[in-house]
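Q: This is the structure, below, for whatever I ask next.
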Amino acid sequence: MNKRISFRQSVLLGFGGLILFIGLWHGLAISGLVPRVFLPSPLEVYDRFTTLLDRRFAGATLLGHMLASFERFAYGFILAAVVGIPLGLLMGWYRLLDEIVSPLFDALRFVAPIAWVPFAALWFGTGIGGPIMIIFAGAFPPCVINAYRGAKFVDPRLIEAANMLGTPSHRVIREVLVPSSVPSIISGLRVSAGLGWQSLVGAELIVASAGVGYLMVQGQANISTTTVMSGMVAIGLVGLALDSSLRLAERVILRKRGLEN
Amino acid sequence: MSRRVAIGFVTILIVGLIWLMVTSVFGVIPSGRFPSPAETWSALIHVSGRGYGGGDLLLHAYNSLRLVVMGFVFAIITGVPLGLLMGWSRRAEALINPVFLIIRPIPPLAWIPLAILWLGLGDAAKILVIWFAAFVPSVINTFAGVRNIDRPVIEAAYMLGMPRMRFVTEVLVPGASPMMFTGLRLSLQASWTTLVAAELVGAFYGLGRVLNVAQQDLYPGMILVGMGAVAILGWATTRALGMAEARVMSWNTAALAAKG
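Protein chains in written order, with this note's numbering: chain A, 4 to 264; chain B, 1214 to 1473.
This is the structure we're talking about:
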């Protein structure tokens, strides 16, 4: 908007910002204005993080907890994609199905995924089933909505051309509808991975006996702020890795189809 | 459209009938797993009359709504100006963006244990996490909104020597508001999710507290009532935000046209 700045300036300013942020945090922690127990310095969090990597806390090492979380996430996310994408595509293709499912979907949309926790615990227990259902509740809607949009907004000329050439409808679905919805589906998957990961964390805070969320709850119960912060860092790292890999997949797929701008 | 409404109505009716059939009439689903309509109704009477989990339904709903509104408003007050600043000044963007990049991947729900450590189980911890959940989308979308303003509009304002204050109120804010409202809608959703999670983790009042106690008591009727109440409040606040958006936007176009 106002003056453009050079790349060098922006890198310098960026580092300045980070140093300012970490410096303020460190300064506040060592100043004694706030109890050290509640605001450890960044170095102490780093120490705790590395310790947790090879010492067990709340039943497993940090990596063990991360793996447990990721496993649940993977099941819930894949389930949401496998059910949600075909449902969305079919809703985009068959008008009647759209008209039947949409009102139910709209009614359920306002139930926060986390509000399913009590039923999830009741139906599937607190081991792996319950959390998977919560992740599913978080990740399912974007899968459906984006597949639906993808199918709904296919260039009608493509479908008309296929129809005119006498292509049977299962082939139209497989060879026209699905391929042209792929970009929309992929961006839906990214949203749903983010929401699913966040729901998982919530589920693990409330009902779980392993996973990063559980580690954080235990840290909180033991008033170990460093453990809680290490958990936050771990969650952020896994979330970031998930998002970057999906972003990469998106780029690869779009490039293959010559759609990249 | 009327076909749509009719089919939707029939669908909801059929689902309701199926619900009645599988729970009360044939008993396919035991009432310990999912409540029948009658059990849900009696749970609703229970919580609105005698109260449940420390208060009646209105008290719980009022507490949840109050916390969401406070956290959300606080997030707007802090997030929108920061987003405007970052959109306006490339320097501010360069300075602040990296800090955002490292904090953003941490989902708002992950702040709950820290907020409880810092502020306990009372209102303050919840307002903090809701603020955090709503703050990030407000900033990012306001920022994107400013960057989406047509360059000629800004250049024209410059060329005409518009004073800075008027530039902010008459170009920057109205130009950014469509995306800003998108951000606010996302913020509102995030606020509800976060509040319910925070109340499930620990609270004295609120709809999440109702859900939590009902889960411990194995009381499916009450769970369903709690979920319904959360959904209704979520819908109502989204609706209210949509109305506010319609008002602000119409005012904007009218004001701009009048100045024309």
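Each residue gets a CB set at the ideal place from its N, CA and C atoms; glycine is no exception.
All of these numbers come straight from a predicted model, not from anything done at the bench.
1. Mind pulling the chain A residues with CB within less than 7 Å of B:Val1409?
2. Using a cut-off of 7 Å between C-beta atoms, extract the partners of B:Met1440 located in chain A.
3. Does chain B have any CB closer than 7 Å to the CB of A:Val48?
4. With 7 Å as the threshold, decide whether the Cβ of A:Phe10 is near any Cβ in chain B.
5. So, under 8 Å CB-CB, A:Thr229 and A:Arg39 are touching, yes? Tell me the CB distance rounded to an integer number of Å.
6. Do B:Gly1296 and B:Phe1239 come within 7 Å of each other at the CB atom, strictly closer than that value?
7. Could you check whether the Cβ of B:Leu1280 sits closer than 7 Å to any Cβ belonging to chain A?
8. Is the CB of A:Pro43 under 7 Å away from at least one CB in chain B?
9. Excluding the five sequence neighbours on either side, which residues of its own chain have a C-beta within less than 6 Å of the C-beta of B:Ala1305, listed in chain order?
10. Ends of the alpha helix (DSSP H) at B:Asn1310?
11. My output table needs one value for A:Gly67: the three-state DSSP class, helix, strand or coil.
12. If we count the other Cβ atoms within 10 Å of its Cβ and call it buried at 16 or more, is B:Tyr1371 buried or exposed?
13. Sort B:Leu1454, B:Gln1402 and B:Asp1430 by Cα distance to B:Val1443 and report the nearest one.
14. Look at the alpha carbon of A:Leu180 and the alpha carbon of A:Leu92, and state the distance between them as a whole number of angstroms.
15. Tell me which residues share the same chain as B:Ala1338 and place their Cβ nearer than 6 Å to its Cβ, disregarding the 5 neighbours each side in the sequence.
16. Put B:Tyr1265 into one of helix, strand or coil per three-state DSSP.
17. Roughly how many whole angstroms lie between the Cα atoms of A:Tyr97 and B:Val1359?
18. Between the Cα of A:Ala142 and the Cα atoms of A:Ile188, A:Ser233, A:Ile176 and A:Arg258, which residue gives the shortest distance?
19. What does DSSP give as the partner residues of A:Phe60 in its beta bridges?
20. Along the stretch 177-211 of chain A, what residues have a CB closer than 7 Å to any CB found in chain B?
21. By the criterion of Cβ-Cβ separation under 7 Å, what are the contact partners of A:Leu21 in chain B?
22. Distance cutoff 7 Å, beta carbons only. Does B:Leu1226 sit that close to anything in chain A?
23. Whole angstroms is fine: what's the gap from B:Gly1419's alpha carbon to B:Val1260's?
24. Closer than 8 Å is the cut-off here; do at least three beta carbon pairs connect the stretch 113-130 of chain A with the stretch 196-213 of chain A?
25. By the three-class DSSP mapping on this structure, what secondary structure does A:Asn166 have?
26. With three or more beta-carbon pairs closer than 8 Å as the criterion, would you say the stretch 103-110 of chain A touches the stretch 221-241 of chain A?
27. In angstroms, rounded to a whole number, what distance separates the CA positions of B:Ala1323 and A:Val231?
28. Any chance the stretch 1241-1252 of chain B sits against the stretch 1432-1439 of chain B, with 3 or more Cβ pairs inside 8 Å?
29. I'd like to check one pair, A:Ser72 with A:Gly214: are the Cβ atoms closer than 7 Å?
A: Well, looking at it:
1. For B:Val1409, the chain A residues whose Cβ falls inside 7 Å of its Cβ are Ala115, Ile117 and Ala118, in order along the chain.
2. Ordered by position in chain A, the residues that pass the 7 Å Cβ test against B:Met1440 are Val114 and Ala118.
3. Not one chain B Cβ lies under 7 Å of A:Val48.
4. Not an interface residue.
5. That belief does not hold up - the Cβ atoms of A:Thr229 and A:Arg39 are roughly 10 Å apart, past 8 Å.
6. If you check the CB distance, B:Phe1239 and B:Gly1296 do not come in under 7 Å.
7. No - not a single Cβ of chain A is within 7 Å of the one on B:Leu1280.
8. Under the Cβ criterion of 7 Å, A:Pro43 is not counted among the residues facing chain B.
9. The residues are Leu1298 and Met1299.
10. Counting along the chain, the alpha helix (DSSP H) containing B:Asn1310 begins and ends at Arg1303 to Ile1316.
11. Correct three-state label for A:Gly67: helix.
12. Of the other Cβ atoms in all chains shown, fewer than 16 fall within 10 Å of the Cβ of B:Tyr1371; this residue is therefore exposed.
13. Taking only the C-alpha atoms, the option nearest B:Val1443 is B:Gln1402.
14. When rounded, the distance between both Cα atoms is 8 Å.
15. Cβ within range, chain order: Ala1328, Ile1329 and Leu1332.
16. The answer is strand: DSSP assigns B:Tyr1265 an E or B state.
17. Rounded to the nearest whole angstrom, the C-alpha separation of A:Tyr97 and B:Val1359 is 40 Å.
18. The alpha carbon of A:Ala142 has as its nearest neighbour, out of A:Ile188, A:Ser233, A:Ile176 and A:Arg258, the alpha carbon of A:Ile188.
19. Looking at the DSSP assignment, A:Phe60 forms a beta bridge with A:Ala63.
20. Per Cβ criterion, the list reads Trp200, Gln201, Val204, Gly205, Leu208 and Ile209.
21. Within 7 Å Cβ-Cβ: Pro1311 and Val1312.
22. Chain A places no beta carbon closer than 7 Å to that of B:Leu1226, leaving this residue out of the contacts.
23. The straight-line gap from Cα to Cα measures roughly 12 Å.
24. The stretch 113-130 of chain A, when compared against the stretch 196-213 of chain A, does touch it at the 8 Å Cβ threshold.
25. In the three-state scheme derived from DSSP, where H, G and I count as helix and E and B as strand, A:Asn166 is classed as helix.
26. Pairwise C-beta distances place the stretch 103-110 of chain A out of contact with the stretch 221-241 of chain A, as fewer than three of them are shorter than 8 Å.
27. Near 9 Å, if we compare the C-alpha coordinates of A:Val231 and B:Ala1323.
28. By the Cβ criterion, the stretch 1241-1252 of chain B is in contact with the stretch 1432-1439 of chain B, since at least three pairs of Cβ atoms, one from each stretch, lie closer than 8 Å.
29. Result yes, Cβ atoms of A:Gly214 and A:Ser72 sit closer than 7 Å.
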